[in-house]
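Colleague: Each number in the numbering used here comes from the position in the sequence shown (counting from 1) with 4 added on.
Glycine included, each C-beta is placed from N, C-alpha and C at the ideal position.
Let me begin by handing over the structure; questions about it come next.
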Amino acid sequence: MPSVIAIANQKGGVGKTTTAVNLAACLGSLGKRALLIDMDAQANCTSGLGFEKTPNESLYPVLLGESSLEEQIKETEYECVSLIPSEFDLCAAEVELARMSFDTKSDNPDRHLNWFKEALEPIVKGQRFDVVLIDCPPSLGKLTLSVLIAAHHLLIPLQCEYYPLEGISSITDLMEQLKSSGVNKKLELIGVLMTMFDSRTNLSRMVVGEVRQHFGDKVFWTVIPRATRVAESPSHGKPILYYDPYSAGSAAYEVAAGELIKRLDLD
Ligand code: ATP
Ligand code: MG
């Protein structure tokens with residue numbers, strides 16, 4: 005049974021997508037079969053793996069009941085990495101989910117909450133993947149909520165900048181609420197990953213210290229450095245492991261993937 009990991013933080017630009025793409029590639033290279041799901045209409049995971057945004061190739065037709073989730077899986081050129089891409093239509097998903105939540109005549113009134121969990125069920129029960137990583141949009145809207153209802157684990161990327169903890173309780177409180185209400189008892193914080201660490205500044209060190217004080221062992225020992233090569237690689241449609249395998253960014257994501265495997269008890 006694969007581990008289903010939501011990569012989420014309602015704050016924008018903290019490294020969610022970079023982490024999702026690069027962890028998927030590194031997990032794959034370590035022999036863990038990874039399914040990366042792009043749940044953001046910005047489709048940055050999709051282009052980051054070298055795919056074009058193509059109408060109907062996303063979870064939107066799955067939400068509408070016109071396709072199964074499995075039908076949307078694409079094989080990538082990267083070892084053991086599969087992708088469910090995103091495209092512009094996924095923008096309409098929030099509206100569609102809101103409409104569904106007001107549909108009192110529906111024979112499945114919780115579908116706006118459970119559609120993703122239900123769609124993912126064959127993957128969760130199957131043997132095809134070891135890890136499912138889901139790149140969430142920068143909000144705590146209904147798409148992210150559907151992901152948190154389906155996930156076993158939450159991974160929060162935090163940028164090494166001023167006040168990275170500001171607003172963080174919104175997502176951790178939501179997680180606790182989903183657990184205590186029984187909506188998703190399984191959901192656990194698998195870790196907080198510090199991104200864009202700048203070794204030249206004291207600020208980065210101070211921020212990591214502050215976050216470790218707050219989250220303790222939940223913080224990954226591996227810290228991802230700020231590196232130009234990491235920022236460049238999506239424009240070449242490649243994870244850093246394939247764009248510049250001997251760079252510091254690549255090494256950091258490889259170590260982080262190893263740490264994730266240990267945390268998940270996958271080895
Ligand atoms: P959004 O909330 O918009 O989805 P995000 O949280 O997914 O954003 P990313 O898109 O992964 O964040 O990263 C934001 C920007 O920072 C991107 O331009 C990305 O290339 C850059 N970036 C991410 N990680 C690093 C890094 N380690 N070093 C340098 N640049 C990075
Ligand atoms: Mg993103």
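#1: Are the CB atoms of residue 175 and residue 38 nearer to each other than 8 Å?
#2: Start and end of the alpha helix (DSSP H) containing residue 218?
#3: With a 10 Å radius around its C-beta and 16 neighbouring C-beta atoms as the bar for buried, classify residue 113 as buried or exposed.
#4: Can you tell me which of the three DSSP states residue 157 falls into?
#5: Would residue 99 be called buried (16 or more neighbouring beta carbons within 10 Å of its own) or exposed?
#6: Roughly how many whole angstroms lie between the Cα atoms of residue 227 and residue 107?
#7: On the CB-based measure, 16 or more other CB atoms within 10 Å of its CB, does residue 103 come out buried or exposed?
#8: Rounded to whole angstroms, what's the CA-CA distance from residue 93 to residue 6? Just pull it up for me.
#9: Closest to residue 199 by C-alpha separation, out of 209, 190, 192 and 191, would be which residue?
#10: What is the C-beta distance between residue 76 and residue 62, in whole angstroms, given that I count them as a contact (C-beta under 8 Å)?
#11: I want to check one thing, is the minimum distance from the CB of residue 48 to the heavy atoms of ligand 2 below 7 Å?
#12: By alpha-carbon positions, which one of 8, 158 and 22 ends up nearest to residue 238?
#13: May I ask you to check if the CB of residue 20 is nearer than 7 Å to at least one heavy atom of ligand 2?
#14: Check whether the Cβ atoms of residue 88 and residue 121 lie closer than 8 Å to each other.
#15: Would the C-beta of residue 134 count as close to ligand 2, meaning under 7 Å from any of its heavy atoms?
#16: Residue 206: buried (16+ other C-beta within 10 angstroms of its C-beta) or exposed?
#17: Does DSSP classify residue 195 as helix, strand or coil?
#18: Is any heavy atom in ligand 1 found nearer than 7 Å to the beta carbon of residue 211?
#19: Taking the DSSP output, what are the residues bridged to residue 38?
#20: May I have the straight-line CA-CA distance separating residue 166 from residue 230, to the nearest angstrom?
#21: For residue 257, count the other beta carbons within 10 Å of its own beta carbon; 16 or more makes it buried, fewer makes it exposed. Which is it?
#22: Taking the beta carbon of residue 240 as the centre, do at least 16 other beta carbons fall within 10 Å, making it buried, or is it exposed?
#23: Within 10 angstroms of its Cβ, does residue 232 collect 16 or more other Cβ (buried), or is it exposed?
#24: For residue 189, count neighbouring Cβ atoms within 10 angstroms of its own Cβ and tell me buried if that reaches 16, exposed if not.
#25: Check whether the Cβ of residue 111 sits closer than 7 Å to any heavy atom of ligand 2, and report yes or no.
#26: Check the DSSP bridge columns for residue 7 and list the partner residues they point to.
Modeller: To lay it out plainly:
#1: no
#2: 206 to 219
#3: exposed
#4: strand
#5: exposed
#6: 45 Å
#7: exposed
#8: 28 Å
#9: 209
#10: 7 Å
#11: yes
#12: 22
#13: yes
#14: no
#15: no
#16: exposed
#17: strand
#18: no
#19: 85 and 135
#20: 15 Å
#21: buried
#22: exposed
#23: exposed
#24: exposed
#25: no
#26: 135
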